[in-house]
Amino acid sequence: SLEDDDVLGLHYELKKMPNRNWSLDLSYNRDISSVGYRYFTDILSSTINIVEISFKRNQMNEEARTSFLNGLSKNRTLKNVIICENTLNSQDMDYIGRFIQNNSILEQIDLHDCEIDDDGAIHLAKYLPACSLENLELSQNSISDRGCASLLSSIPPTLLYLSLRGNQITKSSLQTILTFLDVNQTLKNLTIRNNPILEETIYEKIYEAAKQNNICEIG
């Protein structure tokens, strides 16, 4: 498990090889404080070419998240980001939204099981139309009908995969989903299983609409 001084040492070592592409797996590191995350901010906003990073289940406190996400929002090298199994509030989602919008080479971000609610999803959705994201993983959160509507009305043309599995989307979202499928030209897979909406008769309507759309599969 890494501590703050280890992060400082990591930065020093990475700077020695500036022309390499780096993938950093920093999952399950619970001993890094907000100071350590400020060191990460220095790494992410430097010229070091970090293309992939994972902070899965690091249990960042609010101060640490603010440090880290503020640095993340300035990064322009990352292609794949995993922040799953951390608690993210609306302000955090705003930072993530800015990052998604400003990083034109980001391809995928994993935010599953982060306690994201409707307000968080709405904050994120504001930034989606201008992004280049291909895969957005939002499963196992607390997104309900308002968040679902906001996300589906903000899908960028680059996005191919959206997972909302295991959220709180109800049958009130049926028309929202049908309308989206009616006009969708680009999304290839929308995963909505394990939501309250999926009573059998409603699923059949969604499945039929997806067949008519002939682009997007329902998972």
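Following this note's numbering, the numbering of the sequence shown begins with 3 at its first residue and continues without gaps.
Ideal Cβ placement from N, Cα and C applies to all residues, glycine included.
All of these numbers come straight from a predicted model, not from anything done at the bench.
In its own chain, which residues sit with a C-beta less than 7 Å from the C-beta of LEU92, not counting the 5 before and 5 after it?
The sequence shown places Ser at residue 92, not Leu. Taken in chain order, the residues that qualify are ASP121, GLY122, HIS125.
Please state if the CB of ILE50 and the CB of LEU16 are separated by a distance shorter than 7 Å.
A contact, by the Cβ cut-off of 7 Å.
The beta strand (DSSP E) spanning TYR163 covers which residue range?
Here the beta strand (DSSP E) through TYR163 covers 163-165.
Under DSSP, the beta strand (DSSP E) around SER25 begins and ends at which residues?
Bounds of the beta strand (DSSP E) holding SER25 are 23-27.
List the DSSP bridge partners of ILE52.
According to DSSP, which records beta bridges pairwise, ILE52 is partnered with TRP24.
Under the three-state reduction of DSSP, which class applies to GLN110: helix, strand or coil?
In the three-state DSSP reduction, GLN110 falls in the strand class (E or B).
Keeping to the same chain, check which residues put their C-beta closer than 8 Å to that of ASN77; ignore five residues upstream and five downstream.
Shown here for ASN77: same chain residues with a beta carbon closer than 8 Å to its own, the five before and five after excluded, namely LEU46, SER47, ILE52, PHE101, ASN105 in chain order.
Buried or exposed for GLY11, please, with buried defined as at least 16 other CB atoms from any protein chain shown within 10 angstroms of its CB.
Flag for GLY11 reads exposed.
Can you give the Cα-Cα distance for LEU108 and LEU164, rounded to whole angstroms?
Those two C-alpha atoms are separated by around 15 Å.
Starting from the C-beta of ASN197, find all residues in its chain whose C-beta is less than 8 Å away, skip the five residues before and the five after it, and write them out in chain order.
Here the set comprises LEU166, ARG167, GLY168, ASN169, GLN170, ILE171, THR172.
When the Cα atoms are used, what is the spatial distance from ASN186 to ALA211?
So the alpha carbons of these two residues sit roughly 11 Å apart.
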